[in-house]
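According to the numbering used here, numbering within the sequence shown proceeds without interruption in unit steps and concludes at 118. Idealized CB from N, CA, C, for every residue including glycine. All figures in this text were calculated on a predicted structure; none of them were measured in a lab. Contents: one structure, followed by commentary.
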Amino acid sequence: MRCVYLIRSLTDPSKHHVGLTDDLDRRLAEHSARRSPHTAKHVPWKVVVASYFADEKRAEAFERYLKNGAGHAFARRHFW
39 MRCVYLIRSL TDPSKHHVGL TDDLDRRLAE HSARRSPHTA KHVPWKVVVA SYFADEKRAE
99 AFERYLKNGA GHAFARRHFW
């Protein structure tokens with residue numbers, strides 16, 4: 039199963055990140071341990087939304103969607 043996740047910084051709630059992983063717990067620990075340059079400045083992080091997909095291509099497509107203009111608007115309206 040592939041997981042598309044949205045996380046928010048606990049220190050700066052205006053900062054958020056969208057990602058894709060096979061292991062959400064491990065990936066969240068990596069973000070909070072500053073192993074990702076995109077999220078290192080705003081640790082710790084918490085999961086806001088996690089969506090699991092059996093189909094890898096659909097998971098990748100949903101992640102790409104959330105990272106583009108229309109997907110940003112969707113996430114702002116429904117998740118942030």
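Residues Tyr43, Leu44, Ile45, Leu62, Leu66 of the same chain have their beta carbon placed closer than 8 Å to that of valine 85, with the five preceding and five following residues left out of the count. The stretch 72 to 82 makes contact with the stretch 47 to 64; the number of CB pairs closer than 8 Å reaches 3 or more.
A straight-line Cα-Cα distance of about 11 Å links glycine 107 and arginine 114.
Considered as a whole, the stretch 60 to 117 harbours 62 to 70, 94 to 104, 107 to 116 as its complete alpha helix (DSSP H) runs of no fewer than 4 residues, in chain order. Partner residues in the beta bridge of leucine 44, as assigned by DSSP, are Val56, Val87.
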